[in-house]
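Just so we're aligned, residue 1223 is where the sequence shown starts under this note's numbering, counting upward by one.
All C-beta atoms in this analysis are idealised placements derived from N, C-alpha and C, irrespective of residue type, glycine included.
Accompanying notes for the structure given below.
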Amino acid sequence: MTSAYVNPLRDDQDRRLPQIAGPCSVTIFGITGDLATRKLIPAIYDLANRGLLPPGFSLIGFARQDLDLDGFIKLAYEAAKSRARTPFREEVWKQLEAGIRFVRGDFSDDLAFAELARTIAAVDDERGTGGNHAFYLSIPPGFFPQVVGQLKEHGLAEVSDGSWRRVVIEKPFGHDLASAKELNKIVSDVFPRESVFRIDHYLGKETVQNILAFRFANGMFEPIWNSNYIDHVQITMAEDIGIGGRAGYFDGIGAARDVIQNHLLQLMALVAMEEPVSFNAYSLRIEKQKVLASARTPERIDLHTARAQYTAGWAGGEHVAGYLEEADIPATSTTETYAAIRLDVDTRRWAGVPFYLRAGKRLGRRVTEVAVVFKRAPHQPFTKTATEELGQNALVMRIQPDEGVTLRFGSKVPGTAMEIRDVNMDFAYGGSFVESSPEAYERLILDVLLGEPPLFPQHEEVELSWEILDPIIEKWSRSSKIDTYESGTWGPASADAMIARDGRTWRRP
Ligand code: NAD
1223 MTSAYVNPLR DDQDRRLPQI AGPCSVTIFG ITGDLATRKL IPAIYDLANR
1273 GLLPPGFSLI GFARQDLDLD GFIKLAYEAA KSRARTPFRE EVWKQLEAGI
1323 RFVRGDFSDD LAFAELARTI AAVDDERGTG GNHAFYLSIP PGFFPQVVGQ
1373 LKEHGLAEVS DGSWRRVVIE KPFGHDLASA KELNKIVSDV FPRESVFRID
1423 HYLGKETVQN ILAFRFANGM FEPIWNSNYI DHVQITMAED IGIGGRAGYF
1473 DGIGAARDVI QNHLLQLMAL VAMEEPVSFN AYSLRIEKQK VLASARTPER
1523 IDLHTARAQY TAGWAGGEHV AGYLEEADIP ATSTTETYAA IRLDVDTRRW
1573 AGVPFYLRAG KRLGRRVTEV AVVFKRAPHQ PFTKTATEEL GQNALVMRIQ
1623 PDEGVTLRFG SKVPGTAMEI RDVNMDFAYG GSFVESSPEA YERLILDVLL
1673 GEPPLFPQHE EVELSWEILD PIIEKWSRSS KIDTYESGTW GPASADAMIA
1723 RDGRTWRRP
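Rendered as structure tokens:
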């Protein structure tokens, strides 16, 4: 079986040195938006500063704001200077600035897209970008079809002479299975499969890629990575902030669609998958897909899921409003700001090992982690009191912040005849590596320009994820009642009850 993605030669490359992108441009739609100014422009600067962009690289901003080229350059300069990860150097900026172009217009404006087509032809002449152009849709998802349609209409998706055109789509990829399929149809009518890059920025994080290194480069973890030794897995994405200014986006979407469908299910797939034949996109996708296809949505959604909204409380030393009091949130909203779900993966490796996924806003602390909790030793040759304080062994992969890995196990308390308590053995990135981790968007944008697809989910994974979630969201939507939890706590009582039914408790990270 083959796929356009299989490229065996690339698997033999020396992957230690970063590759430099060939001649190309990136057009960012929604360039004045939150994501573009906070993450994308700074990441492009950082790539330039690391010498990973080609000399003739061109950044084209597309926005409807009342800006001209100088105004856009100023905006981009400020975004890069204030938010770049690497030191800001004027000479690097000057080089980048020479390739900046700007097109003003609405997504419905044919003239603006005609202008974009002329601009792109001009950068091929002036900058030597060779017909290689990426289009980054950093825009509200409702506009994806319109912009993709405009790209087609104006011939911007057409390639010639071995050049490439690629489209980058930000999550959310639909809001349920049907809309995800519809979106895929629209995009794949215009761009071939290998030219579509769906961003799940979690996959660009070093700590997420390290799950693969941790599992498959080492000899000592994989033998116990199964239901003989593992009791259950908890995947947590906790935020301490509320919805902030994103009411318009978040209300009606909720935590399950916002982060479980993509980030948390991708993390689950990486933790649960079998060893891939290689790390090319095709092999990785096959293994992740098998996990998602084997994941079973609970039959008793009422017993094995929980959803809730935060109420007023204390967070970070200040008193904060509840979800229903936030600006622009309707008083009748039942959108969940917290969601917890039990999934079972029906494979020999994972039979009987539940995966608990939870995500929430206004929780006790900002933390994303994967905790693999082990079964207790089959026999304890100690008195009962000696092991009273001993918990279950756990391996915790900290995705963010404090990136690292912790192993929790029991140890004798010094000075006692025999008392055993939990201790931690800790690996922190900062302590072992001098290099700082690139931002996820640096890696992902560079991969788009290089045409490297392994870190981008394919539409099959997106659709399988919606298949898992759709029945849960549908069941939730039938009730106008929603639980609550106080801001700054670790979620609703119903989530504690949900996991307690299985004889387990949530970790307090
Ligand atoms: P945003 O609302 O801040 O920015 C959207 C941009 O699109 C704005 O510049 C706006 O002017 C422009 N726009 C909207 N309608 C337009 C039209 N008709 N014509 C021309 N321009 C138009 O949104 P954002 O937060 O930057 O998010 C962009 C995308 O990235 C979304 O798909 C979002 O789901 C995704 N995303 C955002 C974040 C984040 O941290 N902000 C994180 C992950 C994913």
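Stretch pair the region 1514 to 1526 + the region 1583 to 1603: three plus CB contacts closer than 8 Å: no
Check: Pro1679 C-beta below 7 Å from any heavy atom of the ligand NAD: Residue side-chain check: Pro1679 keeps its Cβ at 7 Å or more from all non-hydrogen atoms of the ligand NAD.
Nearest candidate by alpha-carbon position, reference Arg1468, set Glu1548, Gln1622, Arg1340, Thr1429: Glu1548
Straight-line gap, Pro1309 to Ser1633 (C-alpha atoms, nearest Å): 44 Å
Beta carbon of Glu1313 nearer than 8 Å to that of Gly1327: no
Straight-line gap, Val1455 to Asp1288 (C-alpha atoms, nearest Å): 50 Å
Neighbourhood of Thr1609 by C-beta, 8 Å cutoff - its chain only, sequence neighbours within 5 removed: Gln1602, Gly1632, Ile1642
Pro1576 - containing beta strand (DSSP E), residue span: 1576 to 1582
Gln1287 Cβ short of 7 Å to the ligand MG heavy atom set: This structure does not include the ligand MG; its bound ligands are the ligand NAD.
Close beta carbons around Ala1740, own chain, < 7 Å, minus the five adjacent residues each side: This structure leaves residue 1740 out entirely; the chain is present only between 1223 and 1731.
Given Ala1763 as reference, the closest of Ala1537, Leu1677, Phe1438, Ala1639 once Cα atoms are compared: The chain is shown from 1223 up to 1731; residue 1763 falls before or after that span and cannot be answered.
Pro1693 (DSSP reduced to helix, strand or coil): helix
Residues near Ala1339 in its chain [Cβ-Cβ closer than 8 Å; skip 5 each side]: His1376, Gly1377, Leu1378
Endpoints, beta strand (DSSP E) assigned at Lys1597: Neither: Lys1597 is in no beta strand (DSSP E) and is coded neither H nor E.
Beta bridge counterpart(s) of Trp1536 as assigned by DSSP: According to DSSP, which records beta bridges pairwise, Trp1536 is partnered with His1541.
Phe1577 CB to nearest heavy atom of the ligand NAD below 7 Å: Every heavy atom of the ligand NAD is 7 Å or more from the Cβ of Phe1577, so no.
Residue range of the unbroken beta strand (DSSP E) whose run includes Leu1275: Looking at the DSSP string, Leu1275 is not in any beta strand (DSSP E), and its letter there is neither H nor E.
Per-residue burial, His1485 [other beta carbons within 10 Å of its own, 16 or more giving buried]: buried
Beta-carbon spacing of Gln1679, Asp1422 below 8 Å: Per the sequence shown, residue 1679 should be read as Pro rather than Gln. Contact flag set, yes.
heavy atom of the ligand NAD below 7 Å from Phe1395 C-beta: no
Beta-carbon gap between Asn1448 and Arg1564 smaller than 8 Å: no
Beta-carbon proximity of Leu1359 to Glu1404, cut-off 8 Å: no
Distance CB(Thr1249)-CB(His1397) smaller than 8 Å: no
CA-to-CA distance, Arg1529 to Glu1558, given in whole angstroms: 6 Å
Distance cut-off 7 Å: Thr1341 Cβ against heavy atoms of the ligand NAD: no
Candidates Phe1443, Lys1427, Arg1237: closest to Pro1617 by CA position: Contrary to the premise, residue 1617 reads as Leu rather than Pro in this sequence. For Leu1617, the closest of Phe1443, Lys1427, Arg1237 by C-alpha to C-alpha distance is Phe1443.
Close Cβ partners of Ala1402 (< 8 Å) along its chain, the five nearest in sequence each way excluded: Phe1395, Gly1396, His1681, Val1684, Glu1685, Trp1688
Sequence-distant residues of the same chain with beta carbon closer than 6 Å to Val1499, five excluded per side: Ser1505
Coarse secondary structure for Met1223, derived from DSSP in three states: In this prediction, Met1223 scores a pLDDT of 39, lower than 50, which makes its location untrustworthy; no coordinate-derived value is stated.
Cβ neighbour criterion (16 or more within 10 Å) applied to Ile1721: buried
Straight-line Cα distance separating Leu1262 from Leu1291: A direct Cα-to-Cα measurement between Leu1291 and Leu1262 gives close to 18 Å.
Residue range of the alpha helix (DSSP H) that includes Phe1324: For Phe1324, no alpha helix (DSSP H) encloses it; the enclosing beta strand (DSSP E) starts and ends at 1322 to 1326.
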